[in-house]
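Below: one structure, written as structure tokens.
There are 2 protein chains.
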Amino acid sequence: MGLTRSEIFTDEQNKLASLFKVLGHPARVAILQYLINQKACICNDLVDELGLAQATISQHLKELKSTGIIQGTIEGKSVCYCIDEKLWKQIQAEFNAFFNQEVKVTSCCP
Amino acid sequence: MGLTRSEIFTDEQNKLASLFKVLGHPARVAILQYLINQKACICNDLVDELGLAQATISQHLKELKSTGIIQGTIEGKSVCYCIDEKLWKQIQAEFNAFFNQEVKVTSCCP
DNA sequence: CTTTAATATCGCAATATTACGATAATAATT
DNA sequence: AATTATTATCGTAATATTGCGATATTAAAG
């Protein structure tokens, strides 16, 4: 036990959940917001900006990068991270497809 | 360590992350999809539908209920769960506000 | 009042996540 | 080549999550 039983769910459910999951941490939300506001960034800016250790931020960046939401380009001594615009819009579309389903219920729950 | 440092983030970041987080598990995605398709449901249906133990499903329902996404109404011996339509649309709007920010970057990342 | 059915809660084991110091790796600067 | 700056990785401790059996709770049915 303690291990998510992915086998019993559809690929779609697993994929959607893992997208939600990567956004399910305030540090990663903050990183994305900072990236959006700065239009560019390097990791060390984030260490000053957020109050987390460099190792911790590097780890969160790695998770975001693993989903493809952000890309990192080596730029001399530092790394330039930015949001993948195409994937960003695609994720938004997937979330909207999920939320746009009709949830109205008539048979119960007044 | 091991504990998310919520204090260093804004309320907005924490709130948004916790919404994403609750959706970040395939069982909870599956539960919501089932609720949407059935237009109503009771917990025991879910035990047959998904392959998880009754205790596990009850726990996931509790998490969804704690955010307000679903409501449970006692209906005789069973409980009728359904999605809170208003909150559902509100969450979608919050997610869209997050995703609609301009992410285009010109200064780096070709 | 006892039985049955449905759901919730408890307790626990297994696994995952978060955080960070220490250190490695890489590349510019001197 | 040595130094410095930046980022990544390793190792580890603390905490959280997931899953489930066992049991409690609640309400209808007999």
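Sequences listed follow chains A and B, in order. Position 18, counted from 1, in the first sequence is what my numbering calls 18; the numbers after and before it change by one each time, with no gaps. Position 17, counted from 1, in the second sequence is what my numbering calls 1017; the numbers after and before it change by one each time, with no gaps. Virtual Cβ for every residue (Gly too), placed ideally from N, Cα, C.
Within the same chain, and ignoring the five residues on either side of N1014/B in sequence, the residues whose Cβ sits closer than 8 Å to its Cβ are S1006. If you ignore the 5 residues before and after A27/A, its C-beta comes within less than 8 Å of the C-beta of L50, L52, T56, I57, H60, all in its own chain and listed in chain order. In this structure, DSSP gives I69/A a state outside helix and strand, which the three-state scheme calls coil. Around K1077/B, the same chain offers no residue with a beta carbon nearer than 7 Å, after the five sequence neighbours per side are excluded. Taking C-beta separations shorter than 8 Å and ignoring five residues to either side along the sequence, the partners of Q54/A in its chain run C43, N44, V47, following chain order. Taking a 10 Å sphere around the C-beta of D84/A, we find 16 or more other C-beta atoms and assign the residue as buried.
Under the three-state reduction of DSSP, E1102/B is assigned to coil, being neither helix nor strand. The beta-carbon separation of Q1101/B and I36/A, rounded to 5 Å, stays under the 8 Å limit for a contact. Residues of chain A with a Cβ closer than 9 Å to the Cβ of H1060/B do not exist, since the nearest Cβ in that chain sits about 11 Å away. Taking the CA atoms as reference points, T4/A sits about 15 Å from V22/A.
Put simply, the backbone Cα of K1065/B is about 11 Å away from that of T1073/B.
No Cβ-Cβ contact shorter than 9 Å links G24/A with G1068/B.
For I1036/B, there is no enclosing beta strand (DSSP E); the residue is part of the alpha helix (DSSP H) that begins and ends at 1026-1038.
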